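Worksheet: the structure to be examined is printed underneath.
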Amino acid sequence: MHEFLEGLVDADDIPTYVKGHQFGQPAITNTHKDWDYYAKIIRAAEDPSFGCPDYESDYSD
1 MHEFLEGLVD ADDIPTYVKG HQFGQPAITN THKDWDYYAK IIRAAEDPSF GCPDYESDYS
61 D
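For what it's worth, full-length UniProt numbering labels the leading residue of the sequence shown as 1, then goes sequentially.
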C-alpha cells in the first residue's frame, strides 16, 4: 500500500496510474464460483428486516 501511495503522489495522471497499478482482490461478479452465496447475502441485506429479528416482512428466500 505504501508503494502504491508513493507512486500515486508522483503520478502525472492519477486515473491512468490507478488503472495500471491495481491492488487488492478483483470484484466479485456473477462469474465468481461462489456467486450464489454472495447473491443470497445481497438479497438478505436488501430486505428491510435484515439484522432486525423482531421485524415482520413478506421477504422469502
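Note that the Cβ used here is the ideal one computed from N, Cα and C, for glycine as well.
Bear in mind the structure is a predicted one, so any value in this text is a computation, not a measurement.
Name the two residues that bound the continuous alpha helix (DSSP H) containing H2.
In the DSSP assignment, H2 falls within the unbroken alpha helix (DSSP H) covering H2 to D10.
Out of P48, S49 and I28, which one is the CA nearest neighbour of D39?
Note on residue identity: the sequence assigns Ala, not Asp, to residue 39. Comparing Cα positions, the closest option is I28.
Could you tell me the alpha carbon to alpha carbon distance between L5 and F23, rounded to whole angstroms?
Each residue's alpha carbon lies about 11 Å from the other.
Give me the Cα-Cα distance between S49 and R43, rounded to the nearest whole angstrom.
Approximately 11 Å, taken between the alpha carbons.
A27 in three-state terms, based on DSSP:
When DSSP states are grouped into helix, strand and coil, A27 belongs to the coil group.
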